[in-house]
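Asker: Numbering of the sequence shown is given in the working numbering, commencing with residue 117 and proceeding in unit increments.
Glycine residues also receive a C-beta, built at the ideal position from the N, C-alpha and C atoms.
I have a structure I would like to understand better, so I am pasting it below and will then ask my questions one at a time.
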Amino acid sequence: MCHFHIPFYFLVVDETIRHITIFSAFREAAIDVNINGYFIPKGWKVLVWLSALHMDPEYYSNPKEFNPTRWDDYNPGSGTFIPFGVGRRLCPGRDLAKYEISIFLHYFVLNYKLERINPECPITSFPYSKPIDNCLAKVIKISDS
């Protein structure tokens with residue numbers, strides 16, 4: 117395996133999952149809590165909107181821009197990048213998932229090319245950034261010759 121390209125693939129993976137993450141998670145308040153003047157009684161269900169966190173310009177400059185190099189020497193603060201959860205809910209398979217995605221990307225980029233069917237398709241930002249046509253594309257195998 118070529119270890120030279122893996123670090124950049126990890127940057128691409130992190131930037132991709134920052135943009136395309138599950139957009140919410142429900143939690144139940146274990147105790148009465150007051151956050152910024154808002155009272156949340158014990159037992160209430162709370163919706164955590166992860167996309168808002170991952171697109172917050174306080175933590176990510178130009179948050180709508182796809183920029184894998186933003187992750188070079190950047191360590192987001194605790195709780196500001198949580199596509200795999202946080203704390204005791206942190207996904208134990210997060211590193212394996214990132215390796216699998218990186219290996220897939222490596223072989224896909226070397227062996228295939230994509231041609232957008234509708235390259236001028238507008239982008240929607242809700243619930244996450246994506247082309248309205250879901251980025252329809254033709255997958256073309258690069259010939260071996």
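How long is the line joining the alpha carbons of residue 188 and residue 207, rounded to whole angstroms?
Answerer: Straight-line Cα distance between these residues: approximately 23 Å.
Asker: Using a Cβ-Cβ cut-off of 8 Å (strictly less than) and excluding sequence neighbours within five positions of residue 120, which residues of its own chain qualify?
Answerer: With a pLDDT of 49 at residue 120, under the threshold of 50, the modelled position of that residue is not reliable, and no figure is offered here.
Asker: What's the C-alpha gap between residue 248 and residue 241?
Answerer: 9 Å
Asker: Please classify residue 144: does DSSP put it in a helix, a strand, or coil?
Answerer: strand
Asker: For residue 151, does the three-state DSSP call read helix, strand or coil?
Answerer: Under the three-state reduction of DSSP output, residue 151 falls in the strand class.
Asker: Could you tell me which whole alpha helix (DSSP H) segments of length 4 or greater appear in the stretch 202 to 246?
Answerer: 210 to 227
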